[in-house]
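Peer 1: According to full-length UniProt numbering, the sequence shown is numbered sequentially starting from 1.
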Amino acid sequence: MTISIQDLRRLLDAGPDATLVLVEGRTKIITAGGADTDANRGALEIISRAALLDQMSGATAPSDAELSAQANALETAVTELGG
């Protein structure tokens with residue numbers, strides 16, 4: 001499992017209620033209520049769009065370096081959780 005810059009860009013480009021999750025070893029963007037579907041049952045929430053924006057001081061067009069740092073931190077957190 002790898003959280004990429006592209007995953008975080010997709011999350012930022014998604015709607016305000018979007019969340020990056022991990023489902024069966026793959027990252028996926030879901031919206032509110034999306035976790036309740038059979039395809040997403042058991043999904044591990046990685047970060048919401050709102051939380052990502054908060055961590056980046058609201059920057060809606062962050063640099064690759066900023067996103068890389070966020071992706072690395074999130075991947076470390078997920079790995080420590082056993083995801």
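Built from N, CA and C at the ideal position, the CB exists for glycine as well. Just so you know, these numbers come straight off a predicted model, no measurement behind them.
What residue range is occupied by the uninterrupted alpha helix (DSSP H) comprising R10?
Peer 2: Stepping through the sequence shown from its first residue, residue 10 is reached at position 10. It spans 5 to 13 - the alpha helix (DSSP H) in which R10 sits, taken as one unbroken run.
Peer 1: Do A59 and L8 have their CB atoms nearer than 8 angstroms?
Peer 2: Residue mapping note: residue 59 aligns to position 59 of the sequence shown, counting from 1. Residue mapping note: residue 8 aligns to position 8 of the sequence shown, counting from 1. For A59 and L8, no; Cβs fall outside 8 angstroms.
Peer 1: Mind pulling the alpha helix (DSSP H) runs of 4 or more residues that sit fully within the region 41 to 69?
Peer 2: Correct list: 49 to 55.
Peer 1: Measure the CB-CB distance between E45 and V21 and report whether it falls below 8 angstroms.
Peer 2: As a working mapping, residue 45 is identified with position 45 in the sequence shown. As a working mapping, residue 21 is identified with position 21 in the sequence shown. For E45 and V21, yes; Cβs fall inside 8 angstroms.
Peer 1: Can a CB atom of chain B be found closer than 8 angstroms to the CB of I29?
Peer 2: In the structure shown, chain B cannot be found, because there is only a single protein chain.
Peer 1: What do you reckon, are the CB atoms on R49 and A18 nearer than 8 angstroms?
Peer 2: Position 49 of the sequence shown holds residue 49. Position 18 of the sequence shown holds residue 18. Yes, Cβ-Cβ distance for R49 and A18 is below 8 angstroms.
Peer 1: Suppose contacts are defined by Cβ-Cβ distances below 8 angstroms. Is L81 in contact with L52 by that definition?
Peer 2: The count along the sequence shown starts at 1 and reaches residue 81 at position 81. The count along the sequence shown starts at 1 and reaches residue 52 at position 52. Result no, Cβ atoms of L81 and L52 do not sit closer than 8 angstroms.
Peer 1: With a threshold of 16 other CB atoms inside 10 Å of the CB of P62, please say whether the residue is buried or exposed.
Peer 2: Taking the first residue of the sequence shown as position 1, residue 62 is located at position 62. With 16 or more Cβ atoms within 10 Å of its Cβ, P62 is classed as buried.
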